[in-house]
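Respectively, the protein sequence lines represent chains U and C. According to my numbering, the residues represented by the first sequence are 137 to 390, in order. According to my numbering, the residues represented by the second sequence are 52 to 218, in order.
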Amino acid sequence: MTLPACGEARDLFEDAVHGRLEATAEGRLAAHLSACPTCAALRERLDRQRSAVAALAPRPVAPPELRARLLRGLPGARRHARLGPALAGALAASLVWFLAGTLLPLLTSPGAFERLADEAVDDHVRVVLRQRSGAAGPGEPETLQRLMVDALGYEVPAPRPGDRDFRLAGGRPSYVLKRPVACFYYRSPHGYASLFVAPVDQLEDPARSVGPTPAVIERRGYRLAAWARGGFLYVLVSEAPAADVTRLAAALSS
Amino acid sequence: MSPERDWDFEAEALGHLDSVYRVAVWLCGDPTEAQDLTQDTYERAFRARGGFVRTNMRAWLLTILRHRFLNVRRRHDIAAEVPLPEPETLTVSPLPDLPPGLVRGDIERALAKLPLELRVPVLLADVEELGMAEIAEVLGWPLGTVKSRLWRARAQLGSLLEDYGQR
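Structure (structure tokens):
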């Protein structure tokens, strides 16, 4: 293999950081760096700068009033407001059923966890669009737990109260991957989070991809954290920054 | 577009709200102006949803944001883009190493001292984690311009931070 010149190698530095290089280019870059201490040192300095900027640069988040203004103006929000909450809920549930049962398998063949993640994102957004906490109203953990037992027909653990930003605000029964699941709803000054809880034996396929410690992933612009513990599968969805979701997931899973 | 496609589109678009608002703040430098710009961007995006090809929603939204930003700036006769002489090669400017003990304020001040056309690509690369091709798409620059400006930005940023470390 012919080694790339220094200029060509340095040209690849930026895209090499997040694994965007093709295997061939990645290999050529690695070969060059192992033979060129000047470029290797430069790459290290670049990585240190990138890490510092990523960790310390200001990261403003959209103010809640901007999010609320956009939600009110959405064509979807207006459509559902006209339909009324009950009919909108029925339509949404039908849509989930239709997407999960008919369209998704035809359009794509994602893994079980990816399908669960997509439906969890959809359901989270549906709650946010409605701007209400769901059937339970006040967010007392025991009240919400009783509501879920009545609605779902099985026990779920009482939800944790939240963390320093996100507070438990409500809950409602939901329906993902054709299974009834509990959905608890958390609110912070900067956003919302939905926690889906179901027995592992109800969602065996997606649960196989999930470990006991929350792991945060990005899905369609939302952050998801999933973990399985005590026989239950937990999926947390939020539009909040990854650091906030990680902290909330740690509080809810402790 | 069918109702389910509407729903899907809105959900995904709103998932990128923080990114869009963040870039708006970086471009405008003013949170109030950034809110207006973000709202304008989403209104345009929802009207133009039929033209969205399902590839990269965030890059698409940020491209609309950049167009709206330039339009507003032009309306107010503010220079939106300052042409820069391009460096001959990427190796012209050295990249100083970071001194120890940098704090958030050092990075913020150093970034604030970079001109807009150098600051924004660095933030898009390091905070939003966009690749070179995505940055080129979002900013409407040729790929070579992105690379050279980003390199120049990193060199200037490194020099500024090196100075802070010698306080």
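Using N, Cα and C, we set each Cβ at its ideal position, and we do this for glycine too.
Counting only the Cα atoms, C:T114 lies some 11 Å from C:R95.
U:R323 is outside the set of residues whose beta carbon lies under 8 Å from a beta carbon in chain C. Within the same chain, and ignoring the five residues on either side of C:C79 in sequence, the residues whose Cβ sits closer than 8 Å to its Cβ are A85, L88, F120.
A Cβ of chain C is located within less than 8 Å of the beta carbon of U:D258. Rounded to whole angstroms, the Cβ separation of C:L174 and U:A193 is 6 Å, and the two are in contact under 8 Å. In the three-state scheme derived from DSSP, where H, G and I count as helix and E and B as strand, U:S324 is classed as strand.
Residue burial is scored here from C-beta neighbours: C:T92 has at least 16 other C-beta atoms within 10 angstroms and is therefore classed as buried. Judged by their CB atoms, U:R315 and U:L339 are nearer to each other than the 8 Å cut-off.
Checking the DSSP bridge columns, you'll see U:A329 partnered with U:Y322, U:S374. Residue burial is scored here from C-beta neighbours: U:H260 has at least 16 other C-beta atoms within 10 angstroms and is therefore classed as buried. Secondary structure of C:S199 (DSSP, three-state): helix. Apart from sequence neighbours up to five positions away, the residues of its chain that approach C:E213 with a beta-carbon distance below 7 Å are P147, P150, ordered along the chain. Counting C-beta atoms within 10 angstroms of its own C-beta, C:G66 has 16 or more neighbours from the protein chains shown and is therefore classed as buried. The beta carbon of C:V171 is closer than 6 Å to those of W77 in its chain, skipping five residues each way along the sequence. Put simply, the CB of U:R186 is near chain C, with a gap under 8 Å to one of its CB atoms. Looking at the backbone, the Cα of C:S199 and that of C:R205 are separated by about 10 Å.
For U:G143, no beta strand (DSSP E) run applies; the uninterrupted alpha helix (DSSP H) run containing it begins and ends at 142-147, by DSSP. Listed along chain C, no residue sits closer than 8 Å to U:R208 by beta-carbon distance, the nearest being about 11 Å off. Taking CB atoms only, U:P199 has a neighbour in chain C less than 8 Å away.
Where U:P277 is concerned, the enclosing alpha helix (DSSP H) starts and stops at 277-288.
In terms of Cβ geometry, U:V336 and U:L369 form a close pair [threshold 8 Å].
Short of 8 Å from the beta carbon of U:R303, and not among the five residues preceding or following it, lie these beta carbons of its own chain, in chain order: G275, P297, Y322, R323, S324. DSSP places U:S310 inside the beta strand (DSSP E), whose first and last residues are 303-312. One alpha carbon belongs to C:A110, the other to C:V189, and they sit about 6 Å apart. Beta-bridge analysis with DSSP links U:L360 to U:I353, U:V373. Residue state for U:R156 is assigned as coil, using DSSP reduced to three classes.
Distances from the CA of U:R195 to each of C:N107, C:S70, C:G195 were compared; the closest alpha carbon is that of C:S70.
Residue pairing by DSSP places U:G298 opposite U:R303 in a beta bridge.
The CB of U:V189 comes closer than 8 Å to the CB of I158, L162, V173, L174, D177, V178, L208 in chain C, given here in chain order. If you check the CB distance, C:A187 and C:V197 come in under 8 Å. By the neighbour-count definition (other C-beta atoms within 10 Å, threshold 16), U:E150 is a buried residue. In summary, the residues of the stretch 341-360 of chain U whose CB is separated from some CB of chain C by less than 8 Å are R356, G357, Y358, in the order they occur in the chain. Judged by DSSP secondary structure, C:D157 falls within the alpha helix (DSSP H) whose first and last residues are 155-164.
Per DSSP, the unbroken alpha helix (DSSP H) holding U:C175 starts and ends at 173-192.
For C:R98, the uninterrupted alpha helix (DSSP H) run begins and ends at 82-98, by DSSP. Only L178, R181, L182, R184, Q185, R186, A188, V189 from the stretch 158-189 of chain U bring a Cβ to less than 8 Å from some Cβ of chain C.
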